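Report on one structure; see the data block that follows.
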Amino acid sequence: MQEHDYHELAEATILAIEEAVEACHVDIDTESGGDILELTFPNNTKMVINKQPPLQQLWVATKFNGHHFEYRDGVWIDNRTGAELWQLLSEAASKQAETDVTLAPLS
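In terms of the working numbering, the sequence shown opens at residue 356 and continues consecutively.
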């Protein structure tokens with residue numbers, strides 16, 4: 356993937372995550388700046404999503420562990436677990452929020 360394409364895709368994905376969080380039923384604060392999106396849950400735990408341009412990855416740091424996503428066949432896939440980005444975000448957000456959270460791109 357060309358560097359320009361990576362940046363466009365990663366930025367669009369981070370924006371889509373922010374929009375999905377804002378649309379969900381849980382009061383999760385978002386703060387974005389540069390290549391980083393920080394989510395703060397009602398219990399004050401945090402999740403950080405950021406670009407890693409040298410590796411063309413998105414990194415997600417949750418309260419429990421970190422994940423490195425690579426764009427493959429039209430989806431972001433965790434290179435360690437094979438999890439899809441939106442699935443992992445929903446599961447991790449549910450654990451951190453201590454309630455069901457479903458995150459998906461808005462149509």
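Where a beta carbon is used, it is the ideal one built from N, C-alpha and C, also for glycine. As the structure is a computational prediction, the values presented were derived from the model and not from experiment.
Subject >> Inter-residue CB distance, isoleucine 404 and phenylalanine 396 (contact presumed, cutoff 8 Å) >> reply: The Cβ separation is near 14 Å, so there is no contact.
Original post:
With which residues is asparagine 405 paired in a DSSP beta bridge?
Top reply: Paired residues: Ile391, Trp414.
Original post:
By how many angstroms is the C-alpha of aspartate 360 removed from the C-alpha of glutamine 523?
Top reply: Residue 523 cannot be examined here, being either before or after the span of the chain that is shown, 356 to 462.
Subject >> Rounded C-alpha distance that separates glycine 437 from serine 449 >> reply: Cα to Cα, the separation comes out at about 19 Å.
**OP:** Using three-state DSSP, classify aspartate 360 as helix, strand or coil.
**Re:** Three-state result, aspartate 360: helix.
Original post:
Going by C-alpha distance, which of Ala447, Leu443, Glu453, Phe424 is nearest leucine 364?
Top reply: Looking at Ala447, Leu443, Glu453, Phe424, the one whose alpha-carbon comes closest to that of leucine 364 is Phe424.
**OP:** Express the C-alpha separation of cysteine 379 and lysine 406 in angstroms, rounding to a whole number.
**Re:** If you take the alpha carbons of lysine 406 and cysteine 379, they lie about 23 Å apart.
Original post:
So is leucine 444 buried or exposed if we call it buried at 16+ other beta carbons inside 10 Å?
Top reply: Buried: at least 16 other Cβ atoms inside 10 Å.
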